[in-house]
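Worksheet: the structure to be examined is printed underneath.
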Amino acid sequence: MAKKIVLLGATGSIGTQALSLLKDNSEYELVGITANKNVDKLVEIVKEFPTIKFVGIVADSKAKALKEALPEVEVLSGKSINLTIIDKADPDVVLNSILGFDGFLPSLHALKKDKILLLANKETLVVGGNFINEVLAQGHGKLIPIDSEHVAVAKCLAEVPQDKKVKELFITASGGALRDYPTKAIGTAPIQAVLAHPTWKMGPKITVDSATMVNKAYEVIEASMLFHYPLKDIKAVINRESLIHGGVVLEDGTSIYEYSPNTMLTPIKYALSLGTEKRHELTEEDKEAVKNLKTEDIDKNRYPMFTFILSLVGKYPSRAAIVVNAVDEEAVNAYLNGEIRFGDVETILRKVSSSVTRDSDNPKELKDVLDLDEKARDAADNIITLYANALKAGNNPSDIVAKPIRDANRKHEEEIKDEVEKKKAKKASRWRNDPKKKALLKEHEAEKAKKEKQGYPRNAKDAVKEKKVYVKRDDKKIDDRKKDVQSFGDYMDKKKDDHQDFGRSGIRGKRPYRNTHEVNTFHKKSDHYDHEKKFNGDHKDRDDRHSKFGGHSFHKSNGGFHSRSNDSYKPSGEFHKSYRTHSEGDNKEKKSYSSKKPSFGHSSFKGGERHSSYRGKSSFGGDKKPSYRGGHFDKARQDKPQGATKKRTFHTGRKNFNRGR
758 MAKKIVLLGA TGSIGTQALS LLKDNSEYEL VGITANKNVD KLVEIVKEFP TIKFVGIVAD
818 SKAKALKEAL PEVEVLSGKS INLTIIDKAD PDVVLNSILG FDGFLPSLHA LKKDKILLLA
878 NKETLVVGGN FINEVLAQGH GKLIPIDSEH VAVAKCLAEV PQDKKVKELF ITASGGALRD
938 YPTKAIGTAP IQAVLAHPTW KMGPKITVDS ATMVNKAYEV IEASMLFHYP LKDIKAVINR
998 ESLIHGGVVL EDGTSIYEYS PNTMLTPIKY ALSLGTEKRH ELTEEDKEAV KNLKTEDIDK
1058 NRYPMFTFIL SLVGKYPSRA AIVVNAVDEE AVNAYLNGEI RFGDVETILR KVSSSVTRDS
1118 DNPKELKDVL DLDEKARDAA DNIITLYANA LKAGNNPSDI VAKPIRDANR KHEEEIKDEV
1178 EKKKAKKASR WRNDPKKKAL LKEHEAEKAK KEKQGYPRNA KDAVKEKKVY VKRDDKKIDD
1238 RKKDVQSFGD YMDKKKDDHQ DFGRSGIRGK RPYRNTHEVN TFHKKSDHYD HEKKFNGDHK
1298 DRDDRHSKFG GHSFHKSNGG FHSRSNDSYK PSGEFHKSYR THSEGDNKEK KSYSSKKPSF
1358 GHSSFKGGER HSSYRGKSSF GGDKKPSYRG GHFDKARQDK PQGATKKRTF HTGRKNFNRG
1418 R
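According to our numbering, the sequence shown holds residues 758 to 1418 in order.
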C-alpha cells in the first residue's frame, strides 16, 4: 500500500526536484501540497498529480484565484496552512522543503503527530534542535535529513565497523560564488556575481548564504543536532567540485566519505527510501576522478561569518542560533532587494546578533523562541533602515554608529534563574562596560594623582622609596604591584642612617650601597654575598663602620665613635647590631634601649619585654607591650586614649612585627 505524503514548499527548488521523483514512484501517494504565493505553479502540480486533495497557499490575497482554478480540491490559506494541511490530510510522511524559520513549526507539528519527517529545512534544527530532539526522545515520529552533507554523514556512520570508534565528522562546502573574488572587492560584489554559484543550482537566499558561508555554519549546527556530536568534533572543509559531500574520520585515521554527483536528487532519493539507500557506488570513472579531488581549509579572512556564528553559538547555544537566523534572513532579503550592499550583510549580522544575543534570555518554551525571533528581526530592521537611508543619501553606512534598540522589558539579571547566565550577566556589567562606573574610575584616578602630587606614595613600590613599609606575606594572593619586591623579612628602610633587611625572597635586581653608616643585608633565599650577613650571624666589617676594640664593640658614626650611657658592650666574639642611637647584643641579658627615643623609634631583639614606638618599628622576641601613638595603654582598663592609633601585630612565620594603623 502506498504511503500518503504531503509536500510543504512544493514550488521551491527542493520541492520541484522532489516532485520529479514522486511522479514515477509507486510507493507514495501525493495528497497535499503548499506554497507561499505561486498560484500558477500550484495549478500545474495539481493537474500533474490527480491524487492531490488539499492545496495550501500562505498569501490570503491569492486564495480566491486558487479556488477558482482548482474547484475539485480543498484550498487552504493563511500563515498556518502548513500546520492545518498536516491535520486535514493526515499523511504518513511529510516532506518539509519550506525556506527559513517558517519551516520550524510545521516540522515540530509533524513529529508530534507521529509522522515521518523528511527534512530539507535546515532552520528546523538550527533554531529549534533542542525542541525537535526532545519530541524524538519521547518516541514521537521519525526524522530523515535531505541535505546532501547530512545524508552523506548518515550513510557513512551506518558503515562504521562495530569495533571502530569515530573521531570526528566532516562536511564539505563549495566555497560559494565569491571563492575566487578579490577579497578587497567582496564587500561591494554585485548581486549577479553572488548568485552565480559554481557547482549548485539553488534558490537565491541559500546562494547568498553559501557566499558568506553562513549556510555551512548552519549545517555544522544541524549535524550536531542530528548526530549528537559536539560542535568541536564536526569539521567543515572546501571541496571545489562538490563531489565529496561528507563523511567520518575514525580514531585509527581511516576516512569514510560519500562521493556522488552534485545534485539534490541523490539526497532526496535517500530520504524517500526512508534512510535505507546505501552510498553511491563508484564507477571506474569515479575512482579516477577521486584521485584528483582535494580539500581546503575554510579561509577565516574570506569567510569571517563562519567562525563568528559557530563561536557565538558555542558561547550561547540556547539562543544565539535563533538570533543569527532571524538577522540573516532580514539582511539577505534587504540585499536581494537592493537596499544594502553585500558587505553590509556581514556587518549587520555581526552587530545585531552579538547585541541581541547578550541581551536576551535562553528560551524555555516554544513561545520564547518565537518572541526572540521577532525581537531579533525588529533590531535588524532598525539597522537595515539606517544603512539603506545612508546609501540613498550617498553616505557610507559604516560611518553610522548605531546599536539595536534594546528590549524595554528586559529582565534584570537577578531575575535570571540560570546560574550560568547570572555570572555572565554580572561579568557583562563590570565597570569596563558601564559608563557610570567609568566616570567613578576617572574620579578615583584623579584623586590618586592628587595625592601623589602632595607627596603620598602611589603604591607599595613607591612607598619603599619614602619610608619603611611592613608587608604581610601572603602566598595565596600577591599583589601585582609588589611583584618586584615580593617579600620583606624584618623590614626595609631606604632612608639614610637606617638599616636594610630583605628576608626570604629578597628583591629583584641589584642595588648599590649607600654611603651611610648603615649595614646593608641582602638575602636571596640561601645566597649571601661575601660582604653580607644576617643580624644574628657573623658581621663582616665594611669600610670600618663597625670595629672591635679589645673585646668590646663600638658603633662608629660620622667619623667618630658614638658612646652614650645607654650603649651596650659585649665581650669579643659576641657581635652587636647597631641601630642609630643604641646597640644591642645577642644575649637576652645584654640589651639596652636609648634613654632618648630617636625620631624613628627603636626596636628590641631577642628577649625581655618588647616595646614598639610610633612609626611602626619592629620588635622581636619577648613579651609584647602594645603602645599607641599619642597616648599610653593601660592593660587593666584595656582601652586607649582619645586620638590614639592602635598598632597591629602581623605573623610572617619566623618573626612578628607591629604595624602602625
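For every residue, glycine included, the Cβ atom is placed at its ideal position computed from N, Cα and C.
One Cα belongs to S837, the other to T791, and the distance between them is close to 11 Å. In the DSSP assignment, E891 falls within the unbroken alpha helix (DSSP H) covering 880 to 894. Look at the beta carbons and you see the stretch 903 to 910 touching the stretch 997 to 1013: at least three pairs across the two are nearer than 8 Å.
D1128 and N1153 have their C-alpha atoms some 32 Å from each other. When C-beta atoms of the stretch 864 to 877 are compared with those of the stretch 890 to 899, three or more pairs fall below 8 Å, so the two segments count as touching. One thing to note: F1063 has its Cβ no nearer than 8 Å to the Cβ of I943. Per the coordinates, the alpha-carbon of K1132 lies some 8 Å from the alpha-carbon of V1113. In terms of Cβ geometry, L935 and A950 form a close pair [threshold 8 Å]. Boundaries of the beta strand (DSSP E) harbouring P902: 899 to 902, taken from the DSSP string. Taking the C-beta atoms as reference points, V1081 is found nearer than 8 Å to I1066. With contact defined as three or more Cβ pairs closer than 8 Å, the stretch 833 to 847 and the stretch 857 to 866 are in contact.
The three-state secondary structure of F927, taken from DSSP, is strand.
Secondary structure of K1044 (DSSP, three-state): helix.
Residue ranges of uninterrupted beta strand (DSSP E) with 3 or more members, entirely inside the stretch 775 to 828 and ordered along the chain, are 785 to 792, 811 to 814. Counting C-beta pairs closer than 8 Å gives fewer than three between the stretch 1025 to 1037 and the stretch 1080 to 1096, which falls short of the contact rule. Each of E1209, F888, D1009 was checked against the Cα of E925, and the nearest Cα belongs to D1009.
Between the stretch 962 to 978 and the stretch 1066 to 1076 there are three or more inter-stretch CB-CB distances shorter than 8 Å, so the stretches are counted as touching. Under the rule that a run must span 4 or more residues, no alpha helix (DSSP H) segment is found entirely inside the stretch 1111 to 1145. Excluding sequence positions up to five before and after L1022, its CB lies within less than 8 Å of the CB of Q774, S777, L778, all in the same chain and listed in chain order.
With 16 or more other Cβ atoms from the protein chains shown falling within 10 Å of its own Cβ, P1024 counts as buried. For E831, the enclosing beta strand (DSSP E) covers residues 831 to 834.
The closest CA to that of L787, considering only D817, V851, K794, K1124, is found on V851.
The C-alpha of Y938 lies about 17 Å from the C-alpha of N996.
The continuous stretches of beta strand (DSSP E) do not include V1089, which lies in the alpha helix (DSSP H) extending over residues 1077 to 1093. Note that the C-beta distance between V796 and K819 is below 8 Å. If you compare the alpha carbons of A930, V884, V763 with that of A993, the shortest gap goes to A930. Under DSSP, I1001 forms a beta bridge with Y1016.
A distance below 8 Å separates the beta carbons of I901 and L1031. Taking C-beta atoms as the reference points, L1050 and P961 fail to come closer than 8 Å. Spanning the alpha carbons of G932 and P1061 requires a straight line of approximately 13 Å. When the Cα atoms are used, T881 and K1124 turn out to be separated by approximately 15 Å. Residue pairing by DSSP places E1053 opposite I995 in a beta bridge. Under the criterion of beta carbons closer than 8 Å, P1120 and R1059 do not qualify as touching, at roughly 33 Å. With fewer than 16 other Cβ atoms from the protein chains shown falling within 10 Å of its own Cβ, K1210 counts as exposed. Under the 10 Å beta carbon count, S834 is surrounded by 16 or more other beta carbons and is classified as buried. Cβ-Cβ separation between T768 and K804: approximately 14 Å, too far for a contact (criterion under 8 Å).
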